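Structure, as C-alpha cells:
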Amino acid sequence: MPLQKARLRISDYNRGRKSRLKDQEKKVQEAALSLTSMVDMFATLVVYLIMTSTSLQEWVGLASNIELPKGRYIGESPQKGAAIQVTKDMVFGELDVELISIAQIAKGPFSVAAIKDYLKQQENKNGYVNVVADYSVPFGVMRKIIASCQDAGFKNVNLAIEPIGPT
Amino acid sequence: MAKQELNTELNLTSMIDLMSCLVAFMLLTSVWVHVAALPAAVESKGRAPQSVDKPKEPNEIKITVTKTGVKLAWPNVKGVRLPAFVRRGSEGFDHDTLSDAIAQALEVKELTASVTGTNDVEYGAVAEAIDAVKAGGLDQVFLLTN
Chain E
910 MPLQKARLRI
920 SDYNRGRKSR
930 LKDQEKKVQE
940 AALSLTSMVD
950 MFATLVVYLI
960 MTSTSLQEWV
970 GLASNIELPK
980 GRYIGESPQK
990 GAAIQVTKDM
1000 VFGELDVELI
1010 SIAQIAKGPF
1020 SVAAIKDYLK
1030 QQENKNGYVN
1040 VVADYSVPFG
1050 VMRKIIASCQ
1060 DAGFKNVNLA
1070 IEPIGPT
Chain H
-9 MAKQELNTEL
1 NLTSMIDLMS
11 CLVAFMLLTS
21 VWVHVAALPA
31 AVESKGRAPQ
41 SVDKPKEPNE
51 IKITVTKTGV
61 KLAWPNVKGV
71 RLPAFVRRGS
81 EGFDHDTLSD
91 AIAQALEVKE
101 LTASVTGTND
111 VEYGAVAEAI
121 DAVKAGGLDQ
131 VFLLTN
C-alpha cells in the first residue's frame, strides 16, 4: 500500500499546483482607483474655463488697479479694438504703455496730444474706442480724454462697466 | 487551453496629468472680473455748451450729474409726473427712480438723452447715470463733453 501512495499521477500534480495558484491570487488585493468621475470633473472644468476666458478677454484688457463703475445694462460685447486705460493717476494706451498722468491732463489743454497721437496709430473699428476707467477719476479729466479720442477720429465710446447681477 | 482575457482598461495617467496642468494654467491666467460695455455717442465739437435748465431738442432729456445728485431737464411729456432731481445718498444716487421715470416717459413719447457731469464729480457716477438711462429702455444716449 505505501507503494501505491507514492505513485502520483500527473493530474494530481496539476491539481495541487492549481490550488496553490488560487491561494496566491486570493492574497493579491485589488487597489485600482475609479477615476471616471475625476476625469469627468476635469473635462467640465477645462471646457468652462476655455469658454469664460475667451468671452472675458474678447474685447478689452483690464489693468490691475482699476475699480470699474457698476451697471445693470447688458448689451452685446463690442469688438476688441483701440482702448484707453485710465487709472487714478495715469492714462495708459495698452496695459503697459504709459501716455500721460491725470495731474498733467487736469492742468493741460482740452485736447490731450499724447492720447490723440497714440490713438491715431490704432485701428479705427466703427469709430468706437473702448474706455476702461477708474470710478474715482474726475469727470473734468475724463471729458478731456474723451474729447481727445474724438480728435483722433473715434466718435463714440464703449465705457467698461462691471455688471451687477447675472451676465 | 483556457482563452486569455483581453485587458480593456485604458491608461488615463497621461491624460489626467495633461488635464491637471491645463486647469492650473487656466485658473492662474483667468480674469475673474466681468467687464461689460456701455456704448455712448459723444457730442462735443461744434456744439455750444447746453443750458442745464432747457433741453436743446424737443425730445431730449438733459441729465447733469453733480456731487449732490442728478439734475433732470425733461421735454414736454404729457400726463406723466417726472422727477427734476434725484438725490445722491451714501451708496450713490437712486438708479431705480431714474430708470422708472425714463421707462414711464418712453411709454408716452420717443426720447433721446444727453448726459454730462460737473468737473468735480466722479466719472463713475456719470457712467452709472448712463447705465440707469439705458436700463430704463432708452438706447440713444449722448455723452456731452463740452
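So the protein lines, in turn, are chains E and H. In this text, residue positions in the first sequence follow the numbering used here: the first is 910, and each later residue adds one. In this text, residue positions in the second sequence follow the numbering used here: the first is -9, and each later residue adds one. Think of the CB as a built atom: it goes at the ideal place given N, C-alpha and C, for glycine as much as any other residue. In this text, all values refer to a predicted model and were calculated from it rather than measured experimentally.
Cα-Cα separation, residue i to residue j
{"i": "H:A122", "j": "H:T106", "result": "14 Å"}
{"i": "E:T1019", "j": "E:Q994", "result": "Reading off the sequence shown, one finds Phe at residue 1019 of chain E, where the question assumed Thr. So the two alpha carbons sit approximately 18 Å from each other."}
{"i": "H:L18", "j": "H:V76", "result": "43 Å"}
{"i": "H:A26", "j": "H:R71", "result": "32 Å"}
{"i": "E:L977", "j": "E:L958", "result": "23 Å"}
{"i": "H:S10", "j": "E:D998", "result": "40 Å"}
{"i": "H:A134", "j": "H:S104", "result": "The sequence shown places Leu at residue 134 of chain H, not Ala. In a straight line, the C-alpha of H:L134 is about 6 Å away from that of H:S104."}
{"i": "E:D949", "j": "H:M5", "result": "12 Å"}
{"i": "E:I975", "j": "H:N1", "result": "47 Å"}
{"i": "H:L8", "j": "E:N1039", "result": "36 Å"}
{"i": "E:V1021", "j": "E:I1014", "result": "7 Å"}
{"i": "E:T945", "j": "H:N(-3)", "result": "17 Å"}
{"i": "E:L1008", "j": "E:A1069", "result": "19 Å"}
{"i": "E:I983", "j": "E:A941", "result": "49 Å"}
{"i": "H:W64", "j": "E:V1041", "result": "30 Å"}
{"i": "E:V1000", "j": "E:A952", "result": "40 Å"}
{"i": "E:D932", "j": "E:S920", "result": "19 Å"}
{"i": "E:R924", "j": "E:M947", "result": "44 Å"}
{"i": "E:G1017", "j": "E:V956", "result": "49 Å"}
Chain E within 9 Å of residue i, Cβ atoms only
{"i": "H:V42", "result": "At H:V42 the pLDDT is 43, less than 50, meaning the model places this residue with poor confidence; the figure from the coordinates comes in the next sentence. H:V42 does not count as touching chain E."}
{"i": "H:S17", "result": "Looking at the sequence shown, residue 17 of chain H is not Ser but Leu. So, interface residue."}
{"i": "H:E118", "result": "yes"}
{"i": "H:I51", "result": "no"}
{"i": "H:D84", "result": "no"}
{"i": "H:V55", "result": "yes"}
{"i": "H:K61", "result": "no"}
{"i": "H:E(-5)", "result": "no"}
{"i": "H:K99", "result": "no"}
{"i": "H:P29", "result": "yes"}
{"i": "H:K68", "result": "no"}
{"i": "H:V25", "result": "yes"}
{"i": "H:G79", "result": "no"}
{"i": "H:T135", "result": "yes"}
{"i": "H:T108", "result": "yes"}
{"i": "H:A74", "result": "no"}
{"i": "H:S104", "result": "no"}
Best match in the options for proximity to residue i [C-alpha to C-alpha]
{"i": "H:L28", "options": "E:K1053, E:R981, E:Q933", "result": "E:R981"}
{"i": "H:A119", "options": "H:P65, H:L12, H:T54, H:V98", "result": "H:T54"}
{"i": "H:N66", "options": "H:K57, H:R78, H:I51", "result": "H:I51"}
{"i": "H:E33", "options": "E:L954, E:K1053, E:S928", "result": "E:K1053"}
{"i": "H:S89", "options": "H:K68, H:G69, H:N109, H:L62", "result": "H:L62"}
{"i": "E:L954", "options": "H:A30, H:A31, H:R78, H:L12", "result": "H:L12"}
{"i": "H:M16", "options": "E:E1003, E:G1002, E:Q933, E:T961", "result": "E:T961"}
{"i": "E:A992", "options": "E:K927, E:Y1037, E:S920, E:G925", "result": "E:Y1037"}
{"i": "E:G990", "options": "E:T996, E:N1067, E:S928", "result": "E:N1067"}
{"i": "E:D1026", "options": "E:V1041, E:K1016, E:V1006, E:A1042", "result": "E:V1006"}
{"i": "E:K979", "options": "H:T56, H:V60, H:H85", "result": "H:H85"}
{"i": "H:E100", "options": "H:K68, H:E(-5), H:A117, H:S80", "result": "H:K68"}
{"i": "E:N1035", "options": "E:G1017, E:N1065, E:I1055", "result": "E:N1065"}
{"i": "H:T3", "options": "E:P1072, E:E1071, E:G1002, E:S943", "result": "E:S943"}
Below-9 Å beta-carbon distance, residue i vs any chain H residue
{"i": "E:Q1059", "result": "yes"}
{"i": "E:S1045", "result": "yes"}
{"i": "E:N1033", "result": "no"}
{"i": "E:N1067", "result": "yes"}
{"i": "E:F1001", "result": "no"}
{"i": "E:I1055", "result": "yes"}
{"i": "E:R981", "result": "yes"}
{"i": "E:P1072", "result": "yes"}
{"i": "E:P1018", "result": "no"}
{"i": "E:L944", "result": "yes"}
{"i": "E:K989", "result": "no"}
{"i": "E:A940", "result": "no"}
{"i": "E:N1039", "result": "yes"}
Cβ-heavy atom distance, residue i to the ligand NAD, below 8 Å
{"i": "E:K979", "result": "In the structure shown, the ligand NAD is absent, as is every other ligand, since no ligand is present at all."}
Distance between beta carbons of residue j and residue i, contact taken as under 8 Å
{"i": "H:T102", "j": "H:N49", "result": "6 Å"}
{"i": "H:A137", "j": "H:V131", "result": "Outside the shown range of chain H, which is -9 to 136, sits residue 137 of chain H, and nothing can be said about it."}
{"i": "H:R78", "j": "H:T108", "result": "Between H:T108 and H:R78 the Cβ distance is about 12 Å, and since that is not below 8 Å, they are no contact."}
{"i": "E:I1011", "j": "E:V1050", "result": "6 Å"}
{"i": "H:T56", "j": "H:P73", "result": "Contact flag wrong, Cβ pair sits at about 15 Å."}
{"i": "H:F83", "j": "H:V98", "result": "The Cβ separation is near 24 Å, so there is no contact."}
Tell me whether the region 115 to 130 of chain H and the region 84 to 101 of chain H touch, counting them as touching only if at least three CB pairs, one residue from each stretch, are closer than 8 Å.
yes
Are the region 1040 to 1058 of chain E and the region 112 to 119 of chain H touching, with three or more C-beta to C-beta distances below 8 Å?
yes
Validate contact between the region 1059 to 1072 of chain E and the region 1028 to 1035 of chain E using beta carbons, cut 8 Å, 3 pairs
yes
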